[in-house]
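S.K.: These protein sequence lines map, in sequence, to chains A and B.
Residue numbering for the first sequence follows the working numbering, beginning at 1 and increasing consecutively.
Residue numbering for the second sequence follows the working numbering, beginning at 887 and increasing consecutively.
C-beta: ideal position from N, C-alpha, C; glycine also.
Provided herewith is a single structure, encoded as structure tokens, for subsequent inquiry.
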Amino acid sequence: MSHDSKPMPAWAIALLERILPFRLHDDVIGDMAEAWTWIRAEEGRLRAWQWLCGQLARMLPVFLFDGINLGGSMFRNYITVALRNLRKRTFYSTLNIAGLAIGMGISLLILQYITFETSFDNWHEGVEQSYRINLAETSGGQTSSSEFSFHALAAIARDNVVGFEQVARLHPVYGTATVKAGATGEDVFQTSDFVYVDPDFFNIFSYPAIAGDPVVALRDPGQVVLTRSAAERFFGTVDAVGQEISIFSWMTATQRVGAVVEDHAGNSHITATLFAPLQALLDDPTSQYADDDGFSWTNFITYAQLTPGSDAADAGRALSSALMDVVGEELASREASMSTSLQPLMDIHLYGAGDGDPEAASGALRNVLFISIIGVFVLIIAWLNFVNLTTSRAMERAREVGVRKATGARRSQITAQFVIEALLTNAIALLCAGAIAWKGTGWLNDVAGTHLSARIWAEPRLWLFMATFFGLGTVASSLYPSLVIGRAVPAVVLRGQGGKGTSQARIRQGLVVFQFALSIAMLSGAWIVFRQIDHLQRIPPGFSMEQVLVVNRPGVIEDNRVYATSRNAFFESLDQETGILQAASSSMVPGAGFNLYTSSRNETTPEADAFPARSFFIGNGFLDTYDMPLLAGRAMDAQSEWDREYATLINETAMHAFGFASPDEAVGKRIVVGSSTPAEIVGVLSDFNWMSAKEPPHPVLIFPTRGGSYFSFRLDGRNMAETIARVGEAFAVHFPGNVYQYAFADERFGEIYASEERLRRLVTVFALFALLVASLGLVGLAALAAARRRQEMSIRKVLGANLLDIVRLLTGRFALLVVLGALLAAPAIWIVANQWLDNFGARMTLTPDVFILPALLVLVVALVASGYHVLRVATDNPVDGIRANG
Amino acid sequence: MLSRTEEILLLSVARLQNEAFGLSIRKDVEAVTGRRHSVGGIYVPLERLVSKGYLETEAEKGAPERQGRPRKRFVITSAGIAALSEVRSLTSSMWTGLPDAVSNRLKISLPHP
């Protein structure tokens with residue numbers, strides 16, 4: 001209990017002065033101040049605040065509505081009238097609420113998606129100070145930037161630059177690792193969620209420990225760290241500390257579990273669940289890093305946490321100059337330079353690092369932007385709907401307003417009535433929308449590849465947006481109606497001439513046109529995405545992937561020399577297999593990527609003219625397996641020592657980059673790979689889309705290898721299942737203890753378009769819902785138009801018009817609105833679609849059908865939506881129509 | 887005729903005599919009836935009673951714990967007393983002459999002193 005006499009906060013007094021009538025200021029504020037002091041002294045600060053907030057909340061409605069002349073009974077009256085209006089016109093209310101609910105529900109779903117996509121890595125402690133160090137190399141006037149760096153960079157940052165508090169390196173698995181674990185240590189698993197990291201990794205990324213300390217564990221080269229899910233997978237229990245685990249990957253080692261940590265608390269660009277000590281890999285005498293001085297291999301990713309208050313741009317510049325102090329001289333000799341930049345951890349998922357970063361390639365940012373735009377569209381359509389239905393109905397209500405005005409209602413009271421009706425409708429719709437969003441989460445996870453759970457509802461952003469939707473929605477959807485109707489002159493409306501305002505009708509039609517324009521834009525957007533994917537997939541890739549079986553190489557290899565023998569035996573045993581036409585091993589298969597990003601140049605050109613090229617390695621028979629034609633020269637022979645040392649195949653783009661005019665000219669010429677490795681071009685291949693047609697063709701160099709991560713088999717197409725099974729048998733015989741993993745090359749390749757495919761499915765579904773909302777509005781408008789023109793149509797019928805004439809008269813207008821909407825949407829779609837398509841190496845040409853088909857679809861939907869009411873008017877007895885009081 | 891709330895408030899003012907301020911009335915009403923008004927809310931019916939002439943107010947100088955704001959003492963007027971006695975006599979006349987069946991059950995359900 002504190003006895004200091006802190007007075008009631010000033011804002012509370014200010015608020016009270018606002019809401020209380022002046023004559024009560026002294027009494028109530030004085031009482032409040034007195035009671036506050038007393039409660040604070042007797043019961044403490046917390047209770048006093050609780051009490052204050054409770055009091056304010058209870059007084060607010062009492063005096064607020066009193067203050068603006070909305071006394072309790074008047075307020076109740078508004079609610080009563082609003083409810084009565086909702087009930088009386090069930091049809092319109094349902095349309096109205098359904099439209100709003102679907103619109104808001106879809107927007108909420110989209111909001112969840114955006115929240116998910118923008119919440120990557122925001123849950124690590126001190127994430128504001130955490131960065132990934134991206135490395136950019138400039139040579140020959142070209143700069144290529146990526147997240148990959150050499151492993152000495154970490155030491156330079158830690159030792160030579162001020163401000164780097166934590167630095168940790170990560171070495172990805174680049175494929176899959178094989179793990180032997182379990183109670184007996186004989187259970188075999190394949191995992192791609194495996195990385196080598198420095199101990200300090202766990203100081204930058206927050207994984208709460210369940211058992212053991214991950215930082216301490218990784219200081220020991222004989223220990224690894226598992227996440228909860230990995231421990232459950234490999235050992236069937238979280239209680240795995242001390243268990244033995246063998247990992248076959250960049251090194252072969254049997255280690256012990258040193259710590260188990262929780263899985264991600266949120267989303268992360270790092271999906272690893274198994275962490276092995278990086279230093280053990282670097283120190284392993286058999287690893288490729290055994291004689292790496294720290295600058296040879298750029299296979300590492302470096303993360304850093306700065307000391308609080310440091311500026312990332314400054315730190316990046318300081319690190320650049322520290323780096324150039326070490327390597328500048330050597331780089332200068334080949335007219336190159338390097339620089340570093342610090343990328344905030346939270347930006348990695350959305351922005352990527354540039355070239356070849358899988359996160360950037362997933363197009364996360366682009367998809368998020370697209371989907372946000374759709375969300376806004378759907379919401380606008382829903383609100384326009386509401387405005388349309390309310391204003392058109394309000395013409396019917398003009399009489400009610402007239403009576404209210406004539407009996408003394410002020411315009412502000414009419415406005416209040418409409419605001420409260422909007423409030424009520426929006427509130428009901430918001431409840432339904434919440435249910436839709438709740439139920440739709442599972443569906444969104446399937447389609448968009450997100451991992452949303454109920455946890456997303458704990459995001460304050462989501463609630464903030466919901467409140468904003470609600471507030472904006474209420475204001476937006478009640479402002480226009482109340483202005484239009486509130487203006488009505490009682491004498492005019494009471495005479496029965498109220499509802500004929502042509503200017504309002506025109507505005508309403510304008511809104512409908514706009515809604516259709518948005519619907520058509522979204523549908524044609526979906527259609528264009530679909531067509532572009534189709535277009536990309538139809539482009540001949542420059543090789544044939546049909547009926548090519550791709551088998552992953554065995555992961556568990558006890559001894560490399562024995563492996564070479566058993567691999568050869570594996571291929572030999574399948575030589576006699578009639579179902580296999582060709583077989584080859586290679587380091588990569590179509591869609592899997594490249595092994596090296598390296599600079600290269602013609603031997604006769606200066607170093608400054610070097611250009612970046614991509615490469616992978618193939619074994620004998622690869623060209624035939626994938627049916628890749630040679631334009632000139634010969635295939636490579638991996639058994640020949642000279643070929644292994646010097647031979648390279650290039651593609652046409654590389655040929656042009658080297659400065660050769662024709663394939664024949666290129667064959668036999670010498671090139672330089674990297675800074676000084678000589679090579680000779682033995683053959684030229686036509687260009688091929690190794691990594692999908694999304695990107696333009698790159699210069700590619702292909703080198704021979706006897707090893708490789710993939711075994712490809714071209715099958716003859718008969719008895720494929722049997723052949724696959726026999727390959728599996730041979731695999732089991734020659735690589736015991738390994739998992740036989742296979743896929744067809746074209747299926748693997750198709751996964752490259754997963755991101756576009758997701759975008760297409762999302763856009764399609766959202767566009768269809770938008771159309772549904774728009775057509776709900778149209779049903780209402782059609783019903784209204786039909787009712788209003790009922791008398792007119794009846795007279796026409798009496799005078800001899802037939803059913804077709806009536807239908808044509810009534811629907812003609814809607815058709816016109818759709819056409820206008822299409823015309824409005826076309827230019828916008830044209831511009832946006834062109835920009836999107838420019839991201840692709842090979843883009844489709846836009847043809848008018850991408851606008852015409854969606855417009856036709858919308859037209860059909862519009863006619864069906866208006867059909868029922870039009871037909872009812874067209875077929876009813878003209879006598880009833882004329883008699884009806886229009 | 888007084889409403890139930892007005893009756894209770896008038897009685898409270900009469901009981902508190904010189905101490906009939908907004909806060910103390912609120913506390914008294916809550917202590918006796920369990921009905922909770924907000925600090926400001928209690929002034930709404932009190933003002934109504936003033937406007938009907940059943941209560942009068944006397945201003946009293948502000949104290950520091952009230953941030954110097956003056957407070958209002960409520961005093962019951964003779965009209966207020968008359969209104970109370972009218973309610974009382976009406977209530978008691980309505981209580982007399984209850985049939986035995988009802989008054990017996992009332993007695994049974996009443997706690998014995």
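Kindly say whether A168(A), judged by its beta-carbon, lies nearer than 8 Å to any beta-carbon of chain B.
M.R.: Not an interface residue.
S.K.: Tell me whether I911(B) is buried or exposed, calling it buried when 16 or more other Cβ atoms sit within 10 Å of its Cβ.
M.R.: Under this definition I911(B) is a buried residue.
S.K.: Going along chain B, which residues have a C-beta under 8 Å from P7(A)?
M.R.: Within chain B, the residues near P7(A) are Q953.
S.K.: Express the C-alpha separation of P931(B) and I39(A) in angstroms, rounding to a whole number.
M.R.: Going by the C-alpha atoms only, they are around 25 Å apart.
S.K.: With a 10 Å radius around its C-beta and 16 neighbouring C-beta atoms as the bar for buried, classify Q343(A) as buried or exposed.
M.R.: It is buried - the Cβ of Q343(A) has at least 16 other Cβ atoms within 10 Å.
S.K.: Run down chain B in chain order and give the residues with a C-beta less than 8 Å from the C-beta of A35(A).
M.R.: Chain B residues near A35(A): L909, V925.
S.K.: Using a Cβ-Cβ distance cut-off of 8 Å, determine whether L996(B) contacts chain A.
M.R.: For L996(B), the predicted model reports a pLDDT of 49, less than 50, meaning its position is unreliable; a value from the coordinates is still stated below. Not one chain A Cβ lies under 8 Å of L996(B).
S.K.: Looking at C-alpha atoms only, which residue of A725(A), T271(A), I106(A) is the closest neighbour of A230(A)?
M.R.: Nearest C-alpha to A230(A): T271(A).
S.K.: What does a CB cutoff of less than 7 Å around S107(A) pick up in its chain, not counting 5 residues either side in sequence?
M.R.: Hits under 7 Å: G375, V378, L379, F469.
S.K.: Report the rounded CA-to-CA distance for R872(A) versus A491(A), giving the unit in angstroms.
M.R.: Rounded to whole angstroms, R872(A) to A491(A) spans 34 Å at the Cα level.
S.K.: Give the single residue among L518(A), L596(A), A592(A) whose Cα lies nearest to the Cα of I373(A).
M.R.: Of the candidates L518(A), L596(A), A592(A), the one whose C-alpha sits nearest the C-alpha of I373(A) is L518(A).
S.K.: Pull the bridge partners of A259(A) from the DSSP assignment, please.
M.R.: For A259(A), which the question treats as bridged, DSSP gives the partners V225(A).
S.K.: Can V673(A) and I650(A) be called in contact, C-beta distance under 8 Å?
M.R.: Their beta carbons are not under 8 Å apart, which means V673(A) does not touch I650(A) by this criterion.
S.K.: Is it buried or exposed, L483(A), if we count other Cβ atoms within 10 angstroms and call 16 or more buried?
M.R.: L483(A) comes out exposed.
S.K.: Nearest-angstrom Cα distance between I245(A) and N738(A)?
M.R.: If you take the alpha carbons of I245(A) and N738(A), they lie about 16 Å apart.
S.K.: Going by C-alpha to C-alpha distance, which of L909(B), V915(B), L902(B) sits closest to R832(B)?
M.R.: Nothing can be reported for residue 832(B), as the shown portion of chain B is limited to 887 through 999.
S.K.: Would you say G30(A) reaches chain B, if we count a Cβ-Cβ gap shorter than 8 Å as a contact?
M.R.: Closer than 8 Å to some Cβ of chain B, the Cβ of G30(A) qualifies, so yes.
S.K.: Can you give the Cα-Cα distance for S2(A) and D27(A), rounded to whole angstroms?
M.R.: With a pLDDT of only 42 at S2(A), under 50, the local geometry of the prediction cannot be trusted, and no value is derived from it.
S.K.: Can you pull the chain B neighbours of D58(A), defined as C-beta to C-beta under 7 Å?
M.R.: At residue 58(A) the sequence reads Arg, which differs from the Asp that was named. Here the neighbours are S924, G927.
S.K.: Going by beta-carbon coordinates alone, are R531(A) and T391(A) separated by less than 8 Å?
M.R.: Contact flag unset, no.
S.K.: Using beta-carbon positions only, say whether A833(A) and I520(A) come within less than 8 Å of one another.
M.R.: No, they are not a contact pair.
S.K.: Sort R991(B), Y940(B), R934(B) by Cα distance to S971(B) and report the nearest one.
M.R.: Measuring from the Cα of S971(B), the nearest candidate turns out to be Y940(B).
S.K.: Taking only beta-carbon positions, decide if R957(B) is within less than 8 Å of chain A.
M.R.: Answer yes: the Cβ-Cβ gap between R957(B) and chain A drops below 8 Å somewhere.
S.K.: When you compare each of A774(A), D291(A), D284(A), T307(A) to N203(A) by their alpha carbons, which one comes out closest?
M.R.: Looking at the Cα atoms, T307(A) is the closest of the given residues.
S.K.: What number of angstroms, rounded off, separates the C-alpha of F150(A) from the C-alpha of I301(A)?
M.R.: Approximately 8 Å, taken between the alpha carbons.
S.K.: Just checking: is the beta-carbon of Q343(A) within a distance shorter than 8 Å of some beta-carbon in chain B?
M.R.: For Q343(A), the answer is no, since every Cβ of chain B falls outside 8 Å of its Cβ.
S.K.: Rounded to a whole number of angstroms, what is the C-alpha to C-alpha distance between M628(A) and V447(A)?
M.R.: Rounded to the nearest angstrom, the two C-alpha atoms are 35 Å apart.
S.K.: Measure the CB-CB distance between L768(A) and R789(A) and report whether it falls below 8 Å.
M.R.: No, Cβ-Cβ distance for L768(A) and R789(A) is not below 8 Å.
S.K.: Three-state secondary structure (DSSP) at V387(A)?
M.R.: Helix.
S.K.: Considering only the beta carbon of each residue, do E665(A) and D687(A) sit closer than 8 Å?
M.R.: Taking 8 Å as the Cβ cut-off, E665(A) and D687(A) do not qualify as a contacting pair.
S.K.: Would you verify that the beta carbon of G939(B) is, or is not, closer than 8 Å to some beta carbon of chain A?
M.R.: Cβ-Cβ to chain A under 8 Å: no for G939(B).
S.K.: So, under 8 Å CB-CB, E262(A) and T237(A) are touching, yes? Tell me the CB distance rounded to an integer number of Å.
M.R.: Their Cβ separation, rounded to whole angstroms, is 15 Å, which puts E262(A) and T237(A) out of contact at 8 Å.
S.K.: Closer than 8 Å is the cut-off here; do at least three beta carbon pairs connect the stretch 77-97 of chain A with the stretch 746-764 of chain A?
M.R.: Taking 8 Å as the limit for Cβ pairs, the verdict is that the stretch 746-764 of chain A does not touch the stretch 77-97 of chain A.
S.K.: Please classify Y303(A): is it buried, with 16 or more other beta-carbons within 10 angstroms of its beta-carbon, or exposed?
M.R.: It counts as buried.
S.K.: Counting along the chain, where does the alpha helix (DSSP H) carrying E645(A) start and finish?
M.R.: Start and end: 641-646.
S.K.: Quick one: grab the DSSP three-state call for T286(A).
M.R.: If DSSP states are grouped into helix, strand and coil, T286(A) belongs with coil.
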